[in-house]
């Protein structure tokens, strides 16, 4: 389970969702520059997504393409809409 904040990447998606995670890497909060903001975190308070404050740059620490991520298609669709709108 991850918790989402307001982000164009997560538009139309509930604030809490299940996602596929197959990793042991984490982002340390103190390493995040002011130009990025956290947009999702796990129940264990691990950072699961980041977004640049100005540019359309996003990073997720889960697998939106996985069958274990029910809203994955919508996340990928939102990403493509953002990228096409910016080009």
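In the working numbering, the protein residues as written are 699 to 785.
Where is the CB? At the ideal position from N, CA and C, for every residue including glycine.
As the structure is a prediction and not an experimental result, all values here were calculated from the model.
Exercise. How many angstroms separate the CA atom of residue 763 from the CA atom of residue 706?
Worked result: 18 Å
Exercise. What is the DSSP secondary structure of residue 756, reduced to helix, strand or coil?
Worked result: strand
Problem set entry | Alpha-carbon to alpha-carbon, residue 751 and residue 722 | Going by the C-alpha atoms only, they are around 26 Å apart.
Exercise. Are residue 767 and residue 749 closer than 8 Å when you measure CB to CB?
Worked result: no
For this session: Assuming residue 700 and residue 753 form a contact by the criterion Cβ under 8 Å, report the distance between their Cβ atoms to the nearest whole angstrom.
Result: Residue 700 to residue 753, Cβ: 23 Å. No contact.
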